[in-house]
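Trainee:
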Amino acid sequence: MANPQNTATVARRPSKAAGASDNSMAIIAPIAGWLFPGLGHFIQRRWIRGLLLMLAVFVMFFAGLGMQGKVYSLNTGDLLDILGFVGDLGAGALYFIARTMDWGIGNIHRAVADYGTKYVVVAGLLNVIAAVDAHHIAIGKKP
Amino acid sequence: MTFELSHFNAALLFALCASTVFGITQRNTPRDMFRYGAYCFVLFVGGVIVAAWAMWAIKH
Chain A
3 MANPQNTATV ARRPSKAAGA SDNSMAIIAP IAGWLFPGLG HFIQRRWIRG
53 LLLMLAVFVM FFAGLGMQGK VYSLNTGDLL DILGFVGDLG AGALYFIART
103 MDWGIGNIHR AVADYGTKYV VVAGLLNVIA AVDAHHIAIG KKP
Chain B
4 MTFELSHFNA ALLFALCAST VFGITQRNTP RDMFRYGAYC FVLFVGGVIV
54 AAWAMWAIKH
């Protein structure tokens, strides 16, 4: 006759493993989503959502650069410049690539360039929202 | 790489991208996501048109 205690232990093991997996996904998904737009959804098999989020953030970011918007660097100057840097940083790898490639120098002679600067900041902020959504999916708060 | 957009087209592109993200992240089912995204898009574009007419009215 099977020992009921052993049976209970065996039955508990898979759920414990699943719980650990959920916990790690709750951390990995938002970080992946921040680093690369949509990746947090892709690793949870939300292909269409991930693709749409990736497209939205990429289009905003590169349209902003195309309009000769400015990409902020780390600064301790004006408060709006600091907030601009924080917003830009939300784009994750896109931000680091843009900084590395010296994109987003800005052009004060074009009115649309100011829109471009806002586009780049908002692309970063939208990416943060998408990363938080990936976290909500990982913890089961959202299907 | 330079991208030429009129102010209105820039506002439309902004509205499209932002409402896509809002729709996907703020609702749970695909149907609700689409409806909320469309609602946000209409509010963004409607807000632009209302603000434009308001500025025109102030000037005249």
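One line per chain: the protein sequences are A and B, in this order.
Note that this note's numbering has the first sequence beginning at 3, numbered continuously upward.
Note that this note's numbering has the second sequence beginning at 4, numbered continuously upward.
C-beta: ideal position from N, C-alpha, C; glycine also.
How many whole angstroms separate the CB atoms of G42 of chain A and V73 of chain A, which I take to be in contact at a CB cut-off of 8 Å?
Mentor: As a position in the first sequence, residue 42 of chain A is number 40, starting the count at 1. As a position in the first sequence, residue 73 of chain A is number 71, starting the count at 1. Actually they are not in contact, since the Cβ atoms of G42 of chain A and V73 of chain A sit about 23 Å apart, beyond 8 Å.
Trainee: Judging by CA-CA distance, which residue of A:D104, A:G66, A:A125 is the nearest neighbour of Y117 of chain A?
Mentor: Position 115 of the first sequence, counted from the first residue, corresponds to residue 117 of chain A. When each option's Cα is compared against that of Y117 of chain A, the closest is A:G66.
Trainee: From A:N129, A:A34, A:T119, pick the residue whose C-alpha is nearest to that of S75 of chain A; which is it?
Mentor: Reading the first sequence from its first residue, position 73 is the one you call residue 75 of chain A. Looking at the Cα atoms, A:T119 is the closest of the given residues.
Trainee: Can you name, in chain order, every residue of its own chain whose Cβ lies under 7 Å from the Cβ of D90 of chain A, other than the five neighbours on each side?
Mentor: On the first sequence, position 88 is the one that residue 90 of chain A refers to. For D90 of chain A, where only same-chain residues beyond five positions count, the Cβ hits under 7 Å are V73, Y74, Y97, V122, V123, G126.
Trainee: What is the residue span of the alpha helix (DSSP H) that G126 of chain A lies within?
Mentor: For the purposes of this step, residue 126 of chain A is taken as residue 124 along the first sequence, with counting starting at 1. G126 of chain A -> alpha helix (DSSP H) spans 113–140.
Trainee: Determine, using beta carbons only, whether L15 of chain B comes closer than 9 Å to chain A.
Mentor: As a working mapping, residue 15 of chain B is identified with position 12 in the second sequence. L15 of chain B does not count as touching chain A.
Trainee: Just curious, the alpha helix (DSSP H) that D90 of chain A is in, first and last residue?
Mentor: For the purposes of this step, residue 90 of chain A is identified with residue 88 of the first sequence, where counting begins at 1. Element bounds for D90 of chain A: 81–91.
Trainee: With distances taken between CB atoms, is the gap from F16 of chain B to L8 of chain B smaller than 9 Å?
Mentor: Indexing the second sequence from 1 puts residue 16 of chain B at position 13. Indexing the second sequence from 1 puts residue 8 of chain B at position 5. For the sequence presented, residue 16 of chain B should be read as Leu rather than Phe. It is a contact, given that the beta carbons lie within the stated cut-off.
Trainee: Between B:A55, B:C43, B:G50, B:Q29, which lies nearest to V134 of chain A when the distance is taken from Cα to Cα?
Mentor: For this step, residue 134 of chain A is matched to residue 132 along the first sequence. That would be B:Q29, whose Cα lies nearest to the Cα of V134 of chain A.
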